[in-house]
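Contents: one structure, followed by commentary.
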Amino acid sequence: MATSAHQRRVIQVFRYDPTRGGDGHYDRFEMDVAHPNSTTMLDILIRIQREQDPSVAFRYACRVNMCGSCGMVINGREGLACKTNVCDLPPDRDITLRPLNHFPVVKDLVVDMTPFFKKYEDAMPFFSPRTIEPEPAVIPPDARERQDIGLATECIQCGCCVSSCSMVNYHDGYAGPAALNRAFTLLADSREGRNAERLRAVLQSCYNCRTEFNCTEVCPKELSPTRAIKYIQRLALKHLGELSRPAGMTNATEEPAPPVAVVPFEPVLQHAGCVAGACSVAAAGGLPDDPSRRQFFRRVIMGIGAASALGVGGLLATAAVGPTLTKTPGRWIPISPMDDLAPAQVSTVTMRYEVTSGFHKETVVKPVMICRRADVNNMVVFNTTCTHLGCTVRWDAGKNIYVCACHGGQFDHEGRVIAGPPPRPLDTYRFKVENGCLMVEVV
Amino acid sequence: MTIEKIHADVLIIGMGGAGQLAALNAFDADPSLKILIVCKALKGKGGCTRMVQGGFNAVLNDDDSHEMHLMDTLKGGQYINDQDLAKTLVEQATPTIKEMETLYGCFFDRNPNGTIHQKAFAGQSFDRTVHKGDLTGIEIISRTTEQIMKRRIPVLEEHRALDLLTDAQGRQVVGALLLNMRNGAFVQVQARATLVATGGGPTQYRFHAPGPEKSVDGLGMLYRSGVRMRDMEMVQFHPTGMIIPGSVVAGALLEEGLRGCGAYMLNGNGERFMANYDPARMERTTRDVMSRSSYLEMQAGRACAEGGVHIVAAHLGPEFVEKNFPGMAARCRQFKYDLARGKVPVSPTAHYVMGGAQIDKDCHTTLERLFVAGEDAGGVHGANRLGGNGVCDSCVFGRQAGKSIARFLTAERGAVPHPDAARVAELCARYERPLERSSGERVFVLRDQIRETNWNKVGVTRREQDLSEAIAEFEAIAEACETVSVEGHAAYNMPWQTYIDLLNMIDVSRMVATSAQERKEQRGAHFRIDYPEQNDEQYLFNVTLTRGADGRPAIVRQPVAFVHKSLAECQQYSKRPPKVNK
Amino acid sequence: MAHEVNLHYRPALQWGELDPNRRQSTPVGMWAWIWQRISAIAIVFLLGLHITLTYKPLVQFLLLTVVIFHAVLGLRVILLDFNLVNVKYQKALIAGLAVLGVVMVAIIWTGIY
Ligand SMILES: Cc1cc2nc3c(=O)[nH]c(=O)nc-3n(C[C@H](O)[C@H](O)[C@H](O)COP(=O)(O)OP(=O)(O)OC[C@H]3O[C@@H](n4cnc5c(N)ncnc54)[C@H](O)[C@@H]3O)c2cc1C
Ligand code: SF4
Ligand code: SF4
Ligand code: FES
Ligand code: FES
Numbered sequence: 005m006a007t008s009a010h011q012r013r014v015i016q017v018f019r020y021d022p023t024r025g026g027d028g029h030y031d032r033f034e035m036d037v038a039h040p041n042s043t044t045m046l047d048i049l050i051r052i053q054r055e056q057d058p059s060v061a062f063r064y065a066c067r068v069n070m071c072g073s074c075g076m077v078i079n080g081r082e083g084l085a086c087k088t089n090v091c092d093l094p095p096d097r098d099i100t101l102r103p104l105n106h107f108p109v110v111k112d113l114v115v116d117m118t119p120f121f122k123k124y125e126d127a128m129p130f131f132s133p134r135t136i137e138p139e140p141a142v143i144p145p146d147a148r149e150r151q152d153i154g155l156a157t158e159c160i161q162c163g164c165c166v167s168s169c170s171m172v173n174y175h176d177g178y179a180g181p182a183a184l185n186r187a188f189t190l191l192a193d194s195r196e197g198r199n200a201e202r203l204r205a206v207l208q209s210c211y212n213c214r215t216e217f218n219c220t221e222v223c224p225k226e227l228s229p230t231r232a233i234k235y236i237q238r239l240a241l242k243h244l245g246e247l248s249r250p251a252g253m254t255n256a257t258e259e260p261a262p263p264v265a266v267v268p269f270e271p272v273l274q275h276a277g278c279v280a281g282a283c284s285v286a287a288a289g290g291l292p293d294d295p296s297r298r299q300f301f302r303r304v305i306m307g308i309g310a311a312s313a314l315g316v317g318g319l320l321a322t323a324a325v326g327p328t329l330t331k332t333p334g335r336w337i338p339i340s341p342m343d344d345l346a347p348a349q350v351s352t353v354t355m356r357y358e359v360t361s362g363f364h365k366e367t368v369v370k371p372v373m374i375c376r377r378a379d380v381n382n383m384v385v386f387n388t389t390c391t392h393l394g395c396t397v398r399w400d401a402g403k404n405i406y407v408c409a410c411h412g413g414q415f416d417h418e419g420r421v422i423a424g425p426p427p428r429p430l431d432t433y434r435f436k437v438e439n440g441c442l443m444v445e446v447v
Numbered sequence: 007m008t009i010e011k012i013h014a015d016v017l018i019i020g021m022g023g024a025g026q027l028a029a030l031n032a033f034d035a036d037p038s039l040k041i042l043i044v045c046k047a048l049k050g051k052g053g054c055t056r057m058v059q060g061g062f063n064a065v066l067n068d069d070d071s072h073e074m075h076l077m078d079t080l081k082g083g084q085y086i087n088d089q090d091l092a093k094t095l096v097e098q099a100t101p102t103i104k105e106m107e108t109l110y111g112c113f114f115d116r117n118p119n120g121t122i123h124q125k126a127f128a129g130q131s132f133d134r135t136v137h138k139g140d141l142t143g144i145e146i147i148s149r150t151t152e153q154i155m156k157r158r159i160p161v162l163e164e165h166r167a168l169d170l171l172t173d174a175q176g177r178q179v180v181g182a183l184l185l186n187m188r189n190g191a192f193v194q195v196q197a198r199a200t201l202v203a204t205g206g207g208p209t210q211y212r213f214h215a216p217g218p219e220k221s222v223d224g225l226g227m228l229y230r231s232g233v234r235m236r237d238m239e240m241v242q243f244h245p246t247g248m249i250i251p252g253s254v255v256a257g258a259l260l261e262e263g264l265r266g267c268g269a270y271m272l273n274g275n276g277e278r279f280m281a282n283y284d285p286a287r288m289e290r291t292t293r294d295v296m297s298r299s300s301y302l303e304m305q306a307g308r309a310c311a312e313g314g315v316h317i318v319a320a321h322l323g324p325e326f327v328e329k330n331f332p333g334m335a336a337r338c339r340q341f342k343y344d345l346a347r348g349k350v351p352v353s354p355t356a357h358y359v360m361g362g363a364q365i366d367k368d369c370h371t372t373l374e375r376l377f378v379a380g381e382d383a384g385g386v387h388g389a390n391r392l393g394g395n396g397v398c399d400s401c402v403f404g405r406q407a408g409k410s411i412a413r414f415l416t417a418e419r420g421a422v423p424h425p426d427a428a429r430v431a432e433l434c435a436r437y438e439r440p441l442e443r444s445s446g447e448r449v450f451v452l453r454d455q456i457r458e459t460n461w462n463k464v465g466v467t468r469r470e471q472d473l474s475e476a477i478a479e480f481e482a483i484a485e486a487c488e489t490v491s492v493e494g495h496a497a498y499n500m501p502w503q504t505y506i507d508l509l510n511m512i513d514v515s516r517m518v519a520t521s522a523q524e525r526k527e528q529r530g531a532h533f534r535i536d537y538p539e540q541n542d543e544q545y546l547f548n549v550t551l552t553r554g555a556d557g558r559p560a561i562v563r564q565p566v567a568f569v570h571k572s573l574a575e576c577q578q579y580s581k582r583p584p585k586v587n588k
Numbered sequence: 005m006a007h008e009v010n011l012h013y014r015p016a017l018q019w020g021e022l023d024p025n026r027r028q029s030t031p032v033g034m035w036a037w038i039w040q041r042i043s044a045i046a047i048v049f050l051l052g053l054h055i056t057l058t059y060k061p062l063v064q065f066l067l068l069t070v071v072i073f074h075a076v077l078g079l080r081v082i083l084l085d086f087n088l089v090n091v092k093y094q095k096a097l098i099a100g101l102a103v104l105g106v107v108m109v110a111i112i113w114t115g116i117y
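Chains as they are written, first to last, in my numbering: chain D, 5 to 447; chain F, 7 to 588; chain B, 5 to 117.
The structure is reproduced here in structure tokens:
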């Protein structure tokens with residue numbers, strides 16, 4: 005038996021009164037829950053309605069997780085009211101019930117699902133047989149297509165996934181996870197005839213998905229629209245050729261045009277939309293809520309996008325192009341009169357020269373080490389840049405070696421590595437003597 | 007007050023299997039028809055078709071036959087079925103289920119060789135139940151709803167039908183009065199043909215299996231419009247509705263298949279009480295016997311602590327239960343019961359109304375321009391319905407209705423009379439009255455009362471005195487209804503909707519109780535403690551009724567017409583030993 | 005009565021609007037996405053620093069970490085896009101890649117410096 009401790013819970017319910025308008029607010033209710041294990045959010049709402057405030061509005065039909073009428077945001081996460089029990093929510097916190105995102109609110113927790121169905125319909129969720137067969141298709145349960153489709157046809161159109169997907173905020177045209185999930189089940193179905201058309205209709209939307217998995221996390225039927233979206237993307241990759249052909253050239257369409265035969269008659273059309281009779285809902289209509297806010301978001305996002313693109317592009321460009329510009333013919337830089345360089349010694353002299361890299365001008369100041377042997381014409385000019393990671397190497401006259409302080413690199417007097425991480429000997433410069441002055445070539 | 011008026015060729019009330027198949031078939035027969043569907047819930051979300059777990063009976067196998075399916079149906083219905091309807095049911099089930107796959111894109115479970123799998127279901131001589139896991143209904147309703155979208159058939163969601171509108175003589179139905187539940191405005195629809203398919207749904211009982219959104223609206227409307235109804239005493243109780251303290255989920259079903267596989271039932275003393283009621287079949291007995299036995303145990307003071315009896319499946323092995331009944335195991339788990347390892351408290355739960363409007367096989371009723379299909383119609387199942395014949399009934403007769411309406415509208419080109427404006431105004435005023443009262447009865451209290459009365463006195467077992475008392479109580483509730491007050495604005499006002507539900511429940515309760523008084527015998531789902539034997543000598547008739555001048559049911563007995571199978575054949579067939587499922 | 009009052013739907017609530025519990029309920033997949041975007045901006049910023057302030061070990065370390073973090077999250081999307089990892093393991097994948105990232109940072113850092 006479901007024995008569970010009695011609890012006192014606080015429930016915050018989102019309230020919106022269509023006769024008053026406004027933003028909505030939360031009302032606080034408190035109640036004793038005798039059976040937290042078996043009391044659902046739906047039971048809580050029913051009790052609030054009967055015992056405390058008959059005007060609370062919420063929606064339900066089946067009360068057993070089958071119809072998808074009671075989706076709402078429960079403690080910040082979408083779920084079915086009839087599937088979430090009190091014991092599933094931390095006992096030390098208030099329970100917060102709020103309507104689903106992305107759908108106009110009719111009253112309190114009741115939303116208008118018209119935008120959901122509109123997008124669902126746009127994804128061509130309906131079966132259109134390739135050919136009309138007299139008998140059901142013979143398809144073994146372990147056929148590849150059935151393995152792919154799996155349980156994905158069990159969606160109950162509760163809208164939880166659409167509410168949880170933050171991409172629906174930013175892309176008005178985004179079909180959303182539920183519609184794409186259904187499109188996927190047909191795209192994978194070998195009996196279906198209008199898949200070329202369907203793939204075109206939904207593909208764009210698939211690239212709006214950012215692989216957030218919010219939809220997968222909240223789906224009360226444990227479906228994964230994310231998986232469906234990935235499937236469609238891969239399918240599109242396989243059919244790149246066909247997709248790039250102009251529409252209409254695609255085969256598969258056995259059936260004539262979609263049967264739009266009915267021109268729905270006036271008053272009904274008005275109704276069947278979300279214009280609920282006398283409600284002046286027309287204004288709230290589909291989704292064009294608060295356009296300035298959306299536009300602002302869009303601009304900010306575009307701005308950030310453009311700035312990052314420029315930034316990255318610029319950096320790449322200087323990095324890629326800059327060096328090639330300077331790599332042009334070497335220049336001869338005067339270093340020192342030969343007389344200043346003692347024979348049989350290593351002298352360190354600072355060289356200075358200007359470089360222009362792109363539009364950037366810089367003065368390079370860098371020491372070079374000139375090792376003049378006893379035989380005065382035998383001379384090596386070492387680059388002081390360590391061949392490991394570029395620290396500056398200096399001559400240690402006492403030990404008769406070149407050392408790098410950074411990671412302990414050591415080179416012998418010929419510049420060969422004798423210790424530490426440097427991968428190769430010290431670099432040397434080409435040099436010449438002109439008018440008694442030592443010149444080295446820099447690139 | 008001006009109310010919005012809509013004209014349509016076909017008005018379809020209800021968007022379950024029956025309503026949707028009617029719309030699709032009418033459209034496909036004549037795409038120029040202006041069809042309008044209205045539905046109390048959101049598009050495709052209401053009703054019990056969606057809640058079907060078990061499946062759909064249809065003859066698909068060469069070793070099976072329509073003959074056998076018909077005999078099973080008549081045996082289940084204890085011979086008082088309308089044989090024409092039963093024959094149509096079994097014959098049309100085959101093409102209907104095939105169209106579900108080939109036209110609408112359902113995909114039912116397959117055999118390893120790729121043909122459609124059919125499982126065993128109680129009371130059948132052949133395994134003929136087509137299913138999709140244990141969520142067959144979702145597959146059916148989702149796919150047909152999409153077909154409605156494809157054909158762009160307009161749907162008014164959250165618009166409930168309040169009453170049918172008739173011409174001045176009350177002979178033809180010319181449309182219906184609707185209520186837009188979102189803003190509380192009335193809408194009048196004038197239509198050349200009207201189909202009622204709101205799916206019955208006995209939610210007027212304490213424990214009920216259908217979703218609480220249904221409230222026998224269709225049956226109430228039909229009764230008030232003056233249609234002839236039949237078999238209203240026949241309310242099926244499913245033996246295993248879960249008991250869940252403090253939750254509306256109470257009454258939700260645990261599948262029959264559990265008992266089929268060997269799950270057993272224990273009373274409060276831990277005894278397998280079926281040994282005292284049906285020692286031969288024990289828990290594998292039929293729904294009615296099982297429900298009755300549990301109920302009698304509960305009445306006799308041998309209920310378990312939760313107030314019902316226990317179902318035990320643990321001995322079948324946890325893996326077996328989890329694998330074969332994943333949906334049921336999950337449902338129990340949500341409420342912290344462990345179906346696979348422990349025991350779950352259950353009670354009989356009101357499941358299905360066998361009675362309803364009297365129709366012919368093309369869904370015509372006794373009123374012109376009015377068609378009825380699905381659970382709102384009576385006669386197909388007689389005194390008891392076989393598992394798997396319910397959704398089959400809705401789909402088959404929805405399809406019949408769609409075709410029949412299209413034919414009717416091609417043949418009949420006359421203008422529809424206008425609904426009587428004064429009558430419409432009067433109805434609106436009447437429905438709005440509770441909103442205008444500032445104080446009065448609380449509607450939820452009254453609805454609980456009617457549920458208790460029905461449960462205790464017109465429920466699983468009945469007796470003369472209880473029935474008379476119940477009728478008196480219904481009248482008292484009806485009177486109290488006249489003083490109900492509902493606070494707030496009409497827009498999405500749930501207590502107000504409950505008030506309207508209650509009005510329908512009262513009418514239907516009257517019909518059930520009065521019909522139950524008429525049948526002084528046991529037959530199928532109807533059990534009289536004071537007349538516990540089936541009486542084929544005197545009671546082979548159908549209790550039919552219309553609304554009398556005083557608003558109470560006026561009863562007429564109609565003898566059963568044995569047009570396809572004789573009584574002797576039926577009785578003979580009933581003696582055959584039941585098929586034993588593995 | 006019903007007919008005299010003008011009724012309005014409230015415009016759709018946006019993700020997170022008037023939702024005090026949203027942040028703590030945001031699932032890990034969404035965080036993966038958010039952090040990949042944040043790391044992209046951080047990369048641009050640190051790259052700039054790296055070029056102006058050459059050979060500052062702190063900047064280098066941060067850049068290395070952020071680049072690897074970003075790459076690893078990019079790898080996640082690639083693996084999922086091409087079904088190289090089944091979406092059911094997406095959470096394990098994030099954990100696995102996070103570990104891979106830390107190991108890579110550690111190896112590169114100690115290997116080079
Ligand atoms: C839990 C459960 C399990 C079942 N399992 C099985 C099974 O396994 N096999 C089987 O054969 N049968 C089963 N049945 C029975 C079967 O589901 C129903 O008999 C059948 O689906 C009824 O179909 P319908 O189209 O007549 O009505 P429904 O599918 O119930 O549809 C009724 C429609 O009418 C609408 N409606 C109601 N009132 C109004 C109103 N006032 N105005 C406008 N619209 C209205 C509803 O919103 C809904 O759309 C089960 C029933 C239940 C409750
Ligand atoms: S995975 Fe895609 S569809 Fe799902 S919530 Fe994330 S962005 Fe939306
Ligand atoms: S995919 Fe899941 S969350 Fe989305 S609508 Fe379907 S059932 Fe609901
Ligand atoms: S009420 Fe149907 S899913 Fe919750
Ligand atoms: S930079 Fe010289 S040893 Fe590392």
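The C-beta atom is built at its ideal place from N, Cα and C for all residues, glycine as well.
Note that this is a predicted model, so its numbers are computed, not measured.
Close partners of residue 113/B in chain D (Cβ separation under 7 Å) are lacking, with about 13 Å as the shortest Cβ gap. Closest option to residue 10/F, judged by alpha-carbon separation, among 146/F, 184/F and 97/F: 184/F. Listed in chain order, the non-local C-beta contacts of residue 165/F below 8 Å within the same chain comprise 44, 45, 46, 184, 185, 186, 187 and 193, local neighbours out to five positions each way being set aside. Counted as a single uninterrupted DSSP element, the alpha helix (DSSP H) harbouring residue 460/F occupies residues 449-463. Residue pairing by DSSP places residue 16/D opposite 32/D and 100/D in a beta bridge. Between residue 106/B and residue 68/B a beta carbon distance of about 12 Å is seen, past the 8 Å cut, so the two are scored as non-contacting.
Restricted to the segment 80-143 of chain D, the beta strand (DSSP E) segments that are unbroken, complete and at least 3 residues in length are 81-84, 99-102 and 109-111, listed in chain order. Under the Cβ criterion of 8 Å, residue 15/D is not counted among the residues facing chain F. For the segment 88-112 of chain F, residues whose beta-carbon sits nearer than 9 Å to a beta-carbon of chain D comprise 103, 104, 106, 107, 108, 109, 110, 111 and 112. The nearest non-hydrogen atom of ligand 1 is 7 Å or more from the C-beta of residue 297/F. In summary, residue 420/F is exposed, with fewer than 16 beta-carbon neighbours lying within 10 Å of its beta-carbon over all protein chains present. Within the segment 83-106 of chain D, contact with chain B at the beta-carbon level (separation under 8 Å) is assigned to 100, 102, 103, 104, 105 and 106. Remark: the C-beta of residue 357/F is in contact range of ligand 1, defined as less than 7 Å to any heavy atom.
When DSSP states are grouped into helix, strand and coil, residue 414/F belongs to the helix group. DSSP places residue 229/D in the helix class (H, G or I) of the three-state scheme.
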